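Our numbering puts the first residue of the sequence shown at 4, with every later residue one more than the last. Yeah, the Cβ is synthetic: ideal placement off N, Cα and C, and Gly gets one too. Because the structure is a prediction, the values reported are computed rather than measured. To start, the structure itself, in structure tokens.
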Amino acid sequence: MKMAMKDGQILIREADNVQFTIIKSWGKMKWNRASQTLSGPADIELLNKLAGLVNLPPRIEAERKKLNEVMEAVDRERMNPTPVPLIPPPIKVSPFTHQVRGYNMALMTFGLAEPPKQEVGH
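Written as structure tokens, this is what we have:
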């Protein structure tokens, strides 16, 4: 199986019948008869499923790891009792705690701020 990532899409060629059937059963990729490729969004769900099926190329595996790290950081932030803005918000009033959490989660999800490094022991 050949795999590439282009413009936020995963492209797969030359999958054997078993791989093709499994990938199609997920409902995340579409078959293009003209180019003989499967294509779908390079999202965390699809990348994790593909990683369970085959070894991903290094660049795609790095993207999968990055997405998983962001998801874990967002989950940690969701439960953070004392959130501090990752980037000072462009507002004059003091936001509520839940607003700071949401602001930080959005910054990480959209790639505007790096997830904070996880402390050792957590």
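Open item on the list: With the cut-off set at 8 Å, would you say residue 112 and residue 77 are in Cβ contact?
Closed with: Within the sequence shown, numbered from 1, the residue matching residue 112 stands at position 109. Within the sequence shown, numbered from 1, the residue matching residue 77 stands at position 74. Yes, these two residues count as a Cβ contact at 8 Å.
Task: Three-state secondary structure (DSSP) of residue 5 - done: Here residue 5 refers to the residue found at position 2 when the sequence shown is read from its first residue. Residue 5 sits in a strand when the DSSP states are folded into three classes.
Task: DSSP beta-bridge partners of residue 131 - done: With the chain covering only 4 through 125, there is no way to say anything about residue 131.
- [ ] Might you give, ordered along the chain, the residues of its own chain that have their beta carbon closer than 8 Å to the beta carbon of residue 54, omitting 5 neighbours on each side?
- [x] Numbered from 1 along the sequence shown, position 51 holds the residue referred to as residue 54. Excluding positions up to five away in sequence, the list reads 64, 67.
- [ ] Taking all protein chains shown into account, decide if residue 37 is buried (16 or more other Cβ within 10 angstroms of its Cβ) or exposed.
- [x] Taking the sequence shown and counting its residues from 1, the one referred to as residue 37 is at position 34. Under the 10 Å beta carbon count, residue 37 is surrounded by fewer than 16 other beta carbons and is classified as exposed.
Open item on the list: Can you look up residue 52 in the DSSP assignment and give me helix, strand or coil?
Closed with: Reading the sequence shown from its first residue, position 49 is the one you call residue 52. In the structure shown, residue 52 sits in a helix (DSSP, three-state: H, G or I).
- [ ] Quick one: give me the first and last residue of the beta strand (DSSP E) that residue 33 is part of.
- [x] Position 30 of the sequence shown holds residue 33. 33 to 35 is the extent of the beta strand (DSSP E) around residue 33.
TODO: Determine the burial state of residue 75: buried for a count of at least 16 other Cβ atoms within 10 Å of its Cβ, exposed for fewer.
DONE: One-based indexing of the sequence shown puts residue 75 at position 72. Under a 10 Å Cβ-count criterion, residue 75 is classified as exposed, with fewer than 16 other Cβ atoms of the shown protein chains found around its own Cβ.
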